[in-house]
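Asker:
In our numbering, the protein residues as written are -11 to 121.
Structure follows, in structure tokens:
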């Protein structure tokens, strides 16, 4: 099982000319049955992106789409994840500016997942996380 980062959803929603095809391929695999996981942090990131882009009207459609994917586990983001992110940051001497990626890495660790669908190269700096795009 792999974790899905926010940029996959964003590229898919925006039909990004450069990365949209790859993102849509990943989403399609999950729709066809590949088990995957994302988190409430990721969903908030996508909704925030839509708000910044003045596309708030798409938020209900996005959330309905996410809810319709039975093979996509939606993990809650907890204070324990944030504290675990602090531990990863300290142990690996990473910048705290990566807080959201560190939190996702902590969630992945909690869920026993090592691979993430993402185009965010910051994940390449976090030990124990293998980025796939």
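For glycine and all other residues, C-beta sits at the position ideal for the given N, C-alpha and C.
Apart from the five residues on each side of it in sequence, which residues of its chain come closer than 6 Å, Cβ to Cβ, to residue 14?
Answerer: Along the chain shown, read from residue 1 onward, the residue named residue 14 stands at position 26. Result list for residue 14: -4, 105, in chain order.
Asker: Run through DSSP, which three-state label would residue 102 get?
Answerer: Numbered from its first residue, the chain shown carries residue 102 at position 114. Residue 102 falls in the coil class under three-state DSSP.
Asker: Looking at the secondary structure, which residues open and close the beta strand (DSSP E) in which residue -9 lies?
Answerer: Counting from 1 along the chain shown, the entry for residue -9 is found at position 3. Unbroken beta strand (DSSP E) run through residue -9: -10 to -8.
Asker: In the DSSP output, what is residue 25 paired with across the bridge?
Answerer: Translated into positions along the chain shown, residue 25 becomes position 37. Note: residue 25 sits in a beta bridge opposite -9, 61.
Asker: Which partner residues of residue 120 appear in the DSSP bridge assignment?
Answerer: Taking the first residue of the chain shown as position 1, residue 120 is located at position 132. Beta-bridge pairing links residue 120 to 105.
Asker: So residue 24 packs on residue 18, CB below 8 Å; how close in whole Å?
Answerer: One-based indexing of the chain shown puts residue 24 at position 36. One-based indexing of the chain shown puts residue 18 at position 30. So it is a contact: roughly 5 Å between Cβ atoms.
Asker: What residues in its chain sit with their C-beta under 6 Å from that of residue 103, if we drop five residues either side in the sequence?
Answerer: By one-based count along the chain shown, residue 103 stands at place 115. Cβ within range, chain order: -10, 118, 120.
Asker: Are the beta-carbon atoms of residue 34 and residue -6 separated by less than 9 Å?
Answerer: By 1-based counting over the chain shown, the position of residue 34 is 46. By 1-based counting over the chain shown, the position of residue -6 is 6. Yes. Within cutoff.
Asker: Between the stretch 64 to 71 and the stretch 80 to 97, do at least 3 Cβ pairs fall closer than 8 Å?
Answerer: yes
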